[in-house]
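This report concerns only the one structure given below.
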Amino acid sequence: MFINRIYLLPLLFLGLLSFSAYGQKNIQLNNTLIFKVKEQYRTICFNDKINHPQFANISTQLGTTNLKKIFPKKNKEDRPNFIDLSLIYQLTFNAQLVDVETAIQRIAASKIMEYVEPYFLPELTFTPNDTLLSQQYYLGLIDAFNAWNINQGDTSITIGITDTGWEPAHPDLISKIKINYADPINGVDDDNDGYIDNYYGWDLGMNDNNALFESTSHGVAVTGIAAAATNNTTGIASVGFNTTFLPVKISNAAGFLTHAYQGVVYAADHGCFIINCSWGSYENSRFQEDIIKYAQINQGCLVVAAAGNDNLETPFYPASYDGVLNVAATDQSDIRKSNSNFGYHIDIAAPGEMIFTTVGNNYGSNSGTSMAAPIVAAAAAIVKNEFPTYIAQQVAAQLKATTDDISTQNPSYINKLGTGRLNLFDALNNTTAQFADITNKNITDNNNNLFENGDTLRIITELTNFLNPINGISVTLSSSSPFVNIINNVSSFPNLNMLDTSSNYTQPFTVEILSGANLNESILFQATISNGTFSYNHYFNLLINPDYIHLEENLISTTITSKGKIGFNDNNNTIGRGFIYKGKQLLYEAGFMITDGSTRVSDPIRGASGFDQDFGSIFNVAYHPPYVSALDLIGFMDDLQSPNPLQV
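So the sequence shown is residues 47 to 694, counted in our numbering.
The following block contains the structure:
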C-alpha cells in the first residue's frame, strides 16, 4: 500500500499517450483515422496538408498515403453554438508500420488535435426475409389511409435516404426522386457544390453520381417505405405519399458504410428537412456527434434513426444522440419485435416486422428497426406539410404526443418503447396536442459537486413547451434507487406558450444521497411532466460517489482519479478534463507508473494487449487540509490487481 498524494503544482505526468480507446463491438475502416484540428491552428490547415513540423514528422512515421479534409467546401463557422466541420480530416496510414492505436497516439501527441478517432463504420439494421406479403398491414396499423384524407404530403418536402443506394429502374421509385435541376448531367459542376452532375443524388461511397445500389438493396427497401409512388396503380403505397426522396449512397462496392455520416451532411446541405438513418453502431463518437449537431443546429434538420436490432437496452448511435428521433420496432400485434432494442432512450415505436416494400427491381418483405425508421421519417414529412411553421423539434414532438399506447401489449417494456406506436392520423388530426420536455439541467451540491454520500443535491431544470399552450404544468421527480431520498419532488412551472422555456430556479428539486451506494453508482431518475391532461416521462441518469475529482484551480483544469490515471477516469477519455492550462488541452493520456527496474511494471495506461488496470483504490482520492501546498488531494491505492504486483 502507498499514499498517492497529488499536489497542484508541480504535477508529474507519466506515460503520455493518446486519448482514444474503444470497445470491441465495432467495425473500423482499415488503417484510417479521423481527426479534428483545434481552431487556433486553422491558418496552417489546407485541403490536403497541415503545415505543422511535428505533425509532418508524425505523418512520415505513419507512412501516410492520403490526407484530406472530409468537408473541403466547408468554411469557418462563426455563428454561436453552430458546428464547424471545416477542420475535420481523414488520414490513411501504412498498417505495416503501425497499428491504429499507435497511430492515434502519435497524432494526438502533436497537441494540435481536438480529437482523434478510428474511422468507425456503422451497420445496417434490418433482418431480410424472403416471404412476400400480399398487403401492407402497417399502413392500416398506423392509420395512414385516414391520415391521407387530411394530408398527402408534398413534393417540396424531401427525405434524405442515407443508405446503400436506390434502383432507378423501379417503376415505383423513379418518379419520386428529388431532382437537382441546378446541376444537369453535362460533366460540369453547374451549382458549384463540389459534386459534378449530382442530378439524381450522389454516391459518396464511390464518389460519383450513380447512386444505384450494388451489393445490397437495403436502401431500395427503405426508400420504398418512405416515398414510393402512391395512387399510381402500380406496386405499393408509401407512407410519405407525395413526399420526395434524395438518394445518398453511403456504402462502397463491398457494402460497407464508409460514408454514413458524410451522407448526413450531404442530405442536410441539399435541402432535406428529414434525414433517415436506418443504420448505426454502439460507438459514441465525437466526430459523429459533430455531424448530427451540424444537421440539427446549422441546417435545422430532423434526423430519424433506427434503434438497433440486438435485443439490448443499450444506446445505439446515431439514434441515441440528443435530438434524434430514436425508433424501435413492433410487429402486427403492437408487440415489441423480438430483436428490437429498447430502453428509456427510445422516442417512438413503429411497425418493423415483415414490412412489404420495394426490393431490388421488384417487391418483397424486410424486417427490423431499419424498416420502422422510414415509416416514422415519412410520417414526419407529412406532419411538416400539415404544420409548415413547425421546426424539427416540433415535428418530433407532434409525433410523440399522438402515439397509440401499447403498454398493455408490452408489460415488460413500460416506457421503454417511447411514447407508443406511431399513429399518423392522430398526428395530423390532433391540432390541440401538447408536449413539453426538459431541455436542460443544472445539478449542484453547493460544495465540491462530487455528489457523495450525505450530500444534498439541488436540481434546476429548464422546461420547453414545443406545441400548444400548456397551463398548470408541474414536474414530479422520482427514483426507485435505495440510495437517494427526494426531499422536494415537485416543481410548478408558469403557463407556457408554444416554444416558451421556463426553469424551476426558485423551487428546485432537492435530493439527499444516502449511505451504502457503490462507487460510480448510476441513479436513474424519472421526471413526470404533467398538467392533468398531458403527461410525459423524461428519464436521466446521475453518477454519484465518483472515484475521481474534477479539479478547477487558478489556470488549471484536470481530473484526479483513485486508480492512478490522470486527466481521465476511463479508457475512452469521456470522463475527465484531461489537463487544461490557460484554456488549452495539453493531455491525452497519463498515469502513475512504478517499476522495480527489471521486468515488473504497474500502471493504469495502455499496454501491449490493451489497457492495464494494475491499481485498485483503498481509499478514494479526496480533498484534505493542505500539508505542503495550497491544495491537497490524497488517495490510497495498491497494485494487487496486477498479474505480477510489486506489492506496493
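Where a beta carbon is used, it is the ideal one built from N, C-alpha and C, also for glycine. Bear in mind that the values here come from a model prediction, so they are computed numbers and not experimental data.
In the assembly as shown, Tyr161 is a buried residue. Its beta-carbon has 16 or more other beta-carbons within 10 Å.
Phe614 and Ile621 do touch by the CB rule: their CB atoms are close to 6 angstroms apart, below 8 angstroms. In this structure, the straight-line span from the alpha carbon of Asn456 to that of Gly354 is close to 18 angstroms. Under the 8 angstroms Cβ criterion, the stretch 205-224 counts as touching the stretch 278-298, having at least three qualifying pairs. Put simply, of Thr110, Leu463, Lys487 and Asp200 the residue whose alpha carbon is nearest the alpha carbon of Glu432 is Asp200. Leaving aside the five residues that flank Asp678 on each side, the residues in its chain whose CB is nearer than 6 angstroms to its CB run, in chain order, His670 and Pro672.
In its chain, beyond the 5 residues on either side, Gly211 have a beta carbon closer than 6 angstroms to the beta carbon of Leu258. The beta carbon of Thr280 sits closer than 7 angstroms to the beta carbons of Pro217 and Asp218 from its chain, once the five residues preceding and following it are set aside; these are given in chain order. Taking a contact to require three or more Cβ pairs closer than 8 angstroms, the stretch 554-573 and the stretch 528-546 qualify as touching.
DSSP places Phe333 in the uninterrupted alpha helix (DSSP H) bounded by Arg332 to Lys339.
Under the three-state reduction of DSSP output, Asn431 falls in the helix class.
Between Arg652 and Leu692 a beta carbon distance of about 19 angstroms is seen, past the 8 angstroms cut, so the two are scored as non-contacting. Here Ile153 carries a helix assignment [DSSP, helix/strand/coil]. Fully contained in the stretch 88-132 are the following alpha helix (DSSP H) runs of length 4 or more, in chain order: 99-107. Judged by their CB atoms, Leu513 and Ala442 are not nearer to each other than the 8 angstroms cut-off.
Excluding sequence positions up to five before and after Asp94, its CB lies within less than 8 angstroms of the CB of Leu113, Lys114 and Lys115, all in the same chain and listed in chain order. Here Leu167 really is in contact with Ile73; their C-beta atoms are around 4 angstroms apart, less than 8 angstroms. Residue pairing by DSSP places Thr502 opposite Glu558 in a beta bridge. The alpha-carbon separation between Leu250 and Phe302 amounts to approximately 12 angstroms.
The distance from the Cβ of Gly240 to that of Lys119 is about 5 angstroms, consistent with a contact at the 8 angstroms cut-off. Straight through space, the alpha carbons of Ser644 and Tyr367 are spaced by roughly 47 angstroms.
In this structure, Lys462 is the residue among Lys462, Lys611 and Tyr183 with its C-alpha nearest to the C-alpha of Leu358.
Following the DSSP letters along the chain, one finds Tyr307 inside the alpha helix (DSSP H) bounded by residues Ala306 to Asp315.
Around the C-beta of Ile460, fewer than 16 other C-beta atoms lie within 10 Å, and the residue is accordingly described as exposed. Cβ neighbours of Thr448 within its own chain (closer than 7 angstroms, five residues either side excluded): Asn469, Asp472, Ala473, Asn476 and Ala479.
In the three-state scheme derived from DSSP, where H, G and I count as helix and E and B as strand, Met400 is classed as coil.
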